[in-house]
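First residue of the sequence shown: 1, per the numbering used here; consecutive thereafter.
Where a beta carbon is used, it is the ideal one built from N, C-alpha and C, also for glycine.
Since we're looking at a predicted model, the values are computed, not measured.
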Amino acid sequence: VRQFTRSANQRMEDMGFEVRRNANEWNRKYRFTHRGAEFVDYVKDQLHAADSRLRIRQRARMFGVDARMKWPTYRRRVSQFLDTPLGKLVSTIMFAWLVLSGWIFKVFVISMWVLPIAAPLLIGTIARNTIVEGACPNCKTQFIGSRGQVIVCRGCRNVVWQPRDDFSSSKGTGDPDIIDIDVE
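Here it is in structure tokens:
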């Protein structure tokens, strides 16, 4: 059995070596890599020329901005349509089509694999962006709280976190605000 596995492994290694060697030889002979890179560059140039002529990227960006601005209107209109008898019929037909075509089950199965991995990462990211934690500079008591609220130290009752008034994410170029703490 050992000799069989060794000979099978050796044959697989030899076959892999031959395949790599032949692929490299064909690549040198027919220049697949070079031709592929030339083709990719050509496609990029053609797409850039079409974009500069038709301004596709700018139109897509403007469509996105327009859709975000008008989203409440679209949502209200769809909701009003779905409340009508025709809207209920359309939604029933769409649901039946999704069930019969298998898309509902595909989404369910994929979500069973993706959500357990993505949900903790998403929750952690949101938590890091919305929660502030640290130690009081006066009494070194640990504090934790939301970025949007004033946090008062439980030990010495001093303000240890205060949200900015302008709610901007850009850093100011001026001097940082200094909180004066009187130690008694």
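Where do the ends of the beta strand (DSSP E) carrying residue i lie?
| i | result |
| --- | --- |
| V1 | Neither: V1 is in no beta strand (DSSP E) and is coded neither H nor E. |
| Q142 | Q142 to S146 |
| G102 | Taken as a continuous stretch (DSSP letters only), G102 belongs to no beta strand (DSSP E), as it is neither H nor E. |
What's the C-alpha gap between residue i and residue j?
| i | j | result |
| --- | --- | --- |
| V1 | R11 | 15 Å |
| K44 | P116 | 38 Å |
| Q145 | I151 | The residue asked about is misnamed: residue 145 is Gly in this sequence, not Gln. Each residue's alpha carbon lies about 7 Å from the other. |
| N27 | F17 | 15 Å |
| I56 | G64 | 12 Å |
| N22 | K106 | 41 Å |
| W71 | R35 | 46 Å |
| Q58 | Y42 | 22 Å |
| V78 | F95 | 16 Å |
| P85 | T125 | 42 Å |
| N9 | V109 | 37 Å |
| A128 | S111 | Correcting the residue identity first, residue 128 is Arg in this sequence and not Ala. Their backbone Cα atoms lie some 24 Å apart in a straight line. |
For residue i versus residue j, is the C-beta distance shorter than 9 Å?
| i | j | result |
| --- | --- | --- |
| W161 | V114 | no |
| L100 | V90 | no |
| P163 | Q149 | yes |
| R147 | T130 | yes |
Excluding the 5 residues flanking residue i on each side, which residues of the same chain have their C-beta closer than 8 Å to its C-beta?
| i | result |
| --- | --- |
| A118 | none |
| E25 | none |
| A135 | T141, Q142 and F143 |
| Q46 | none |
For residue i, which residues from the same chain have a beta carbon less than 6 Å from its beta carbon, with the 5 sequence-adjacent residues on both sides left out?
| i | result |
| --- | --- |
| G155 | C139 and T141 |
| T33 | N27 |
| A67 | none |
Is residue i near the ligand ZN, judged by its Cβ being under 8 Å from some heavy atom?
| i | result |
| --- | --- |
| C153 | Of the ligands one can find in the structure shown there are none, so the ligand ZN has no counterpart to examine. |
With a CB to CB cut of under 7 Å and the five nearest residues on each side skipped, what residues in its chain are close to residue i?
| i | result |
| --- | --- |
| I104 | L98 |
| G87 | F81 |
Let's see if you can read the secondary structure: which residues bound the alpha helix (DSSP H) around residue i?
| i | result |
| --- | --- |
| V43 | F32 to L54 |
Within the segment 70–136, ranges of the alpha helix (DSSP H) (whole runs, at least 4 residues): 85–101 and 103–130
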